[in-house]
Amino acid sequence: MKRKTFYSLLALAVIFQVASDSIPLNIVLLMAGGYGLVDAVKRWRND
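Numbered per the numbering used here, the sequence shown spans residues 1 to 47.
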């Protein structure tokens, strides 16, 4: 795993912890995280 990817995931985890009280924000973060994950996998396969 690339270091940048690891830190991105770590940052996302922290954001999820902070935003866990806000349901709408969680849904948005989940959607954005899912899209980012799919994009990362596509890029990883292309390398």
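Using N, Cα and C, we set each Cβ at its ideal position, and we do this for glycine too. All values reported here derive from a predicted model rather than from experimental measurement.
Presumed contact (8 Å Cβ cut-off) between residue i and residue j, rounded CB distance
i	j	result
I15	L29	6 Å
When the options are compared against residue i, the one with the closest alpha-carbon
i	options	result
L12	R45, K42, N46, G33	G33
F6	A40, M31, Y35, L25	A40
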